[in-house]
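Q: Structure incoming, see below.
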Amino acid sequence: MNPSPKWVRSAPLSQTDGTDSEEIWTSTDPASGDSCVHPLRVRLGKPLNVLELKSDVLAQYGAAVEKHRRRCEELFSGELERVISCPICGESTEKSERRLSVYRADYHECAACRHHFVIRRPSRDALDAFYSRGEALSPVYVDDKSLTRRLDEVSRPKAEWMLDAFRRRHGRLPRRVVDVGAGGGHFVQVCREKGIEAEGVELSGRNLEFCRDRFGFDLIQADFVKEWTRWAGAEIITFWGVLEHTPDPMSFLAAAGRALSRDAGVVVAAVPRWECMGTAVQSIFTDSIVRHLDPSGHLHVFSDDSLATALVMNRLTPIAAWYYGMDAYELVSQLAHRFRNGDAIQALGRQIGEWQSRMDRAHFSDEIAVAAIFTGDDVRP
Ligand SMILES: [Zn+2]
């Protein structure tokens, strides 16, 4: 196993609001000393309108805490398997260190690539059974009321950022987009509204049903890693909030690299980040976590190093990155929940957008999306 590359980020000292900038990510092989320079177009922040926070948020939050705690207790109370090597770079976990315990699970940090992962987890079969029962399904996917808002505020900005990255590279729109782990099909719907041929791969029957009912098309129920040849030649393959849920995220990126068009291809991976305000907040409130460091959903929380390493180890070269998050919302929700004070939400909630914007500009956001192109030799079997 080659040692994991060391990464250095070069970024402008100051950021102007609302404009993209250029960063240089440089990877160095610690064995040979060889370096590779990756210029990236970088966006910091995403407009956020969380001020639909209503007075009943507090009650809903309490119920969500109970649900997530129960779910984790169920998932982590059975037989568990210890992860013996880093799921990204392969470094032995004998050198990894425990960073945080949430409910019954421990997040460890890889000594080489700083990837964070749940060290003892259920077997793949137990996880598959758990997810197929729909236990891990996020209510935002099936809440009809939030549909328009979700399309406008979540899916459309993602599609536009992705299309911008592709257009800058290839001078045109993509011909075929595949969204892996498509949820309720929102992102696919937005791509289709823009006239792009787009399809979604999804395992959950409930999500397939939701998509058919609300958007009038079928997602494809398939295992992308096993059946990637069905999407051979796709020009964009996206993983929005997918890699962190699976025991083996590298197998998804490898399959995407194989399936991607050799003429014009972009992979998008959006994952939770460890180094952020949300992690700092949740490290204090470990008994009331419902998102981000939730081990029943997130088996992995990436460092920027581990995401970049995961991509280049699959011959995918980063060309664009986008930092955004819900860190400020996390802080306000946790404070309101801890002090049982809904007034805090109303009072502090007005500042959420501004706080988040500042955190995003400082790279302190709880999510990152990276677009990468396939530049390696043909690795199709
Ligand atoms: Zn690692």
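Here the sequence shown is numbered in my numbering, starting from -17 and rising by one per residue. The beta carbon of each residue, even a glycine, is placed where N, CA and C say it ideally should be.
Quick one: does the C-beta of H97 sit closer than 6 Å to a heavy atom of ligand 1?
A: Residue numbering aside, residue 97 sits at position 115 when the sequence shown is read from its first letter. The answer is yes for H97.
Q: Can you check which of these residues, R64, R255 and S243, is closest to P156 by C-alpha distance?
A: Taking the first residue of the sequence shown as position 1, residue 156 is located at position 174. Of the candidates R64, R255 and S243, the one whose C-alpha sits nearest the C-alpha of P156 is S243.
Q: Roughly how many angstroms lie between the CA atoms of I327 and R158, to the nearest whole one?
A: Along the sequence shown, one-based indexing puts residue 327 at 345. Along the sequence shown, one-based indexing puts residue 158 at 176. Answer to the nearest angstrom: the Cα atoms are 42 Å apart.
Q: So which of Y311, R103 and S285 has the shortest CA-CA distance to H97?
A: Residue mapping note: residue 97 aligns to position 115 of the sequence shown, counting from 1. Checking every option, the nearest Cα to that of H97 belongs to S285.
Q: A238 to I219, Cα distance in whole Å?
A: As a position in the sequence shown, residue 238 is number 256, starting the count at 1. As a position in the sequence shown, residue 219 is number 237, starting the count at 1. Approximately 7 Å, taken between the alpha carbons.
Q: Suppose the cutoff is 6 Å on Cβ atoms and the five residues either side in sequence are ignored; what does the same chain contact list for A302 look like?
A: Here residue 302 is taken as the residue at index 320 of the sequence shown, counted from 1. Result list for A302: L22, R23, A147 and A353, in chain order.
Q: Given 8 Å as the limit, is there contact between the segment 276 to 295 and the segment 215 to 234, that is, 3 or more CB pairs closer than that?
A: yes
Q: Could you please give the first and the last residue of the uninterrupted beta strand (DSSP E) stretch that includes F99?
A: Counted from its first residue, the sequence shown places residue 99 at position 117. Taken as a continuous stretch (DSSP letters only), the beta strand (DSSP E) holding F99 covers H98 to V100.
Q: V263 and Q316: beta carbons closer than 7 Å?
A: To locate residue 263, count along the sequence shown from 1; it is residue 281. To locate residue 316, count along the sequence shown from 1; it is residue 334. Cβ atoms of V263 and Q316: closer than 7 Å.
Q: Entirely within the segment 134 to 210 and at least 4 residues each: give me those alpha helix (DSSP H) ranges in chain order.
A: 138 to 152, 168 to 175 and 187 to 197
Q: Is the closest heavy atom of ligand 1 to the C-beta of I70 under 6 Å?
A: The residue given as residue 70 occupies position 88 in the sequence shown. Correct: I70 has its Cβ closer than 6 Å to ligand 1.
Q: What do you reckon, are the CB atoms on L185 and L201 nearer than 7 Å?
A: Position 203 of the sequence shown, counted from the first residue, corresponds to residue 185. Position 219 of the sequence shown, counted from the first residue, corresponds to residue 201. No, these two residues do not count as a Cβ contact at 7 Å.
Q: Applying the 10 Å Cβ sphere with the 16-neighbour rule, what's the burial state of A214?
A: Residue numbering aside, residue 214 sits at position 232 when the sequence shown is read from its first letter. When all chains shown are included, A214 counts as exposed.
Q: Across which residues does DSSP place S17 in a beta bridge pair?
A: Position 35 of the sequence shown, counting from 1, holds the residue named residue 17. DSSP lists T10 as partners of S17.
Q: At which residue ranges does the segment 57 to 115 contain complete beta strand (DSSP E) runs of 3 or more residues, listed in the order of the chain?
A: Listed in chain order, the complete beta strand (DSSP E) runs (minimum 3 residues) inside the segment 57 to 115 are 79 to 84, 87 to 91 and 98 to 100.
Q: Take H50 as the anchor and find which of G72, Y89 and S270 has the nearest alpha-carbon.
A: Within the sequence shown, residue 50 is the residue found at index 68, counting from 1. Here the closest residue by C-alpha is S270.
Q: Would the beta-carbon of D342 fall within 7 Å of that of G0?
A: Walking along the sequence shown from the start, residue 342 turns up at place 360. Walking along the sequence shown from the start, residue 0 turns up at place 18. With a cutoff of 7 Å on beta-carbon distance, D342 and G0 are scored as not near each other.
Q: Pick helix, strand or coil for H50, following the three-state DSSP scheme.
A: As a working note, residue 50 is residue 68 in the sequence shown. Of the three classes helix, strand and coil, the one that applies to H50 here is helix, per DSSP.
Q: Taking the straight line between their C-alpha atoms, what separation do you get for G260 and M144?
A: Translated into positions along the sequence shown, residue 260 becomes position 278. Translated into positions along the sequence shown, residue 144 becomes position 162. Straight-line Cα distance between these residues: approximately 25 Å.
Q: Within 6 Å: the Cβ of C173 and any heavy atom of ligand 1?
A: Reading the sequence shown from its first residue, position 191 is the one you call residue 173. It does not: the Cβ of C173 is nowhere closer than 6 Å to a heavy atom of ligand 1.
Q: Expressed to the nearest angstrom, what Euclidean distance is found between the alpha-carbon atoms of T299 and L235?
A: Position 317 of the sequence shown, counted from the first residue, corresponds to residue 299. Position 253 of the sequence shown, counted from the first residue, corresponds to residue 235. Cα to Cα, the separation comes out at about 12 Å.
Q: Return the first residue and the last residue of the alpha helix (DSSP H) that I231 is part of.
A: Position 249 of the sequence shown, counted from the start, is the residue given in the question as residue 231. Going by the sequence as given, residue 231 is Pro instead of Ile. Unbroken alpha helix (DSSP H) run through P231: P231 to A241.
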